[in-house]
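Read the structure below first, then the notes.
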Amino acid sequence: MFLRAEELNANLYEKKCIDLVSNIHEKITIDVVKYGDNYVSGHAEPYATVVITSGDMLVGCGRVNEYGEFKIYTNNHLEEYLIIKVQLISDGFYQESIIVKVDC
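What follows is the structure in structure tokens.
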């Protein structure tokens, strides 16, 4: 099941439970994020920076490798129902962001 960012945002604001979150966007793709994981992985523009936040808290950050893959380890294990924002920064400029709910 793949959701566009706009559909995902609408579902989160309506407080619907999303059983599986897999996101495809033009510049960034996020793999399924599960409760208890200590990383977020996906694909994005090679050598870009990925910043992950939850509210005003930094969850993790890192770089995309030369193949366009990333695996960002988080400061703590991801909690159930946590909502995180995954931001892509390339050439010093903000590019895209996706809001993801940790899989139940």
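Each residue of the sequence shown is one higher than the last, beginning at 693 in our numbering.
Glycine is no exception: its CB is placed at the ideal position from the N, C-alpha and C atoms.
Original post:
How about His735 and Val751: are their beta carbons less than 9 Å apart?
Top reply: Locating residue 735 in the sequence shown gives position 43, where the first residue counts as 1. Locating residue 751 in the sequence shown gives position 59, where the first residue counts as 1. Result no, Cβ atoms of His735 and Val751 do not sit closer than 9 Å.
Original post:
What's the C-alpha gap between Tyr744 and Glu772?
Top reply: Along the sequence shown, read from residue 1 onward, the residue named residue 744 stands at position 52. Along the sequence shown, read from residue 1 onward, the residue named residue 772 stands at position 80. At residue 744 the sequence reads Ile, which differs from the Tyr that was named. Rounded to the nearest angstrom, the two C-alpha atoms are 16 Å apart.
Original post:
Of the residues Pro738, Asp723 and Asn768, which one's Cα is nearest the Cα of Leu781?
Top reply: To locate residue 781, count along the sequence shown from 1; it is residue 89. Rather than Leu, the amino acid found at residue 781 in this sequence is Ile. Of the listed residues, the one whose Cα sits closest to Ile781 is Pro738.
Subject >> Val792 to Gly784 span [Cα, whole Å] >> reply: Within the sequence shown, residue 792 is the residue found at index 100, counting from 1. Within the sequence shown, residue 784 is the residue found at index 92, counting from 1. Distance between the alpha carbons of Val792 and Gly784: 23 Å.
Subject >> Supposed contact pair Ile722 and Ile790 - C-beta distance, whole angstroms, cut 8 Å >> reply: To locate residue 790, count along the sequence shown from 1; it is residue 98. To locate residue 722, count along the sequence shown from 1; it is residue 30. Their Cβ separation, rounded to whole angstroms, is 6 Å, which keeps Ile790 and Ile722 in contact under 8 Å.
Original post:
When DSSP labels each residue in this structure, what does Val778 get in the three-state scheme?
Top reply: Translated into positions along the sequence shown, residue 778 becomes position 86. Residue state, collapsed to three classes: strand.
Original post:
Whose C-beta lies closer than 6 Å to the C-beta of Gln787 among residues of the same chain, with five residues either side of it excluded?
Top reply: Taking the sequence shown and counting its residues from 1, one reaches residue 787 at position 95. Excluding positions up to five away in sequence, the list reads Lys719 and Leu780.
Subject >> Contacts around Ser733, its chain only, beta-carbon distance under 6 Å, and the 5 residues preceding and following it disregarded >> reply: By one-based count along the sequence shown, residue 733 stands at place 41. So the list reads Asp723 and Lys763, once near-sequence residues are dropped.
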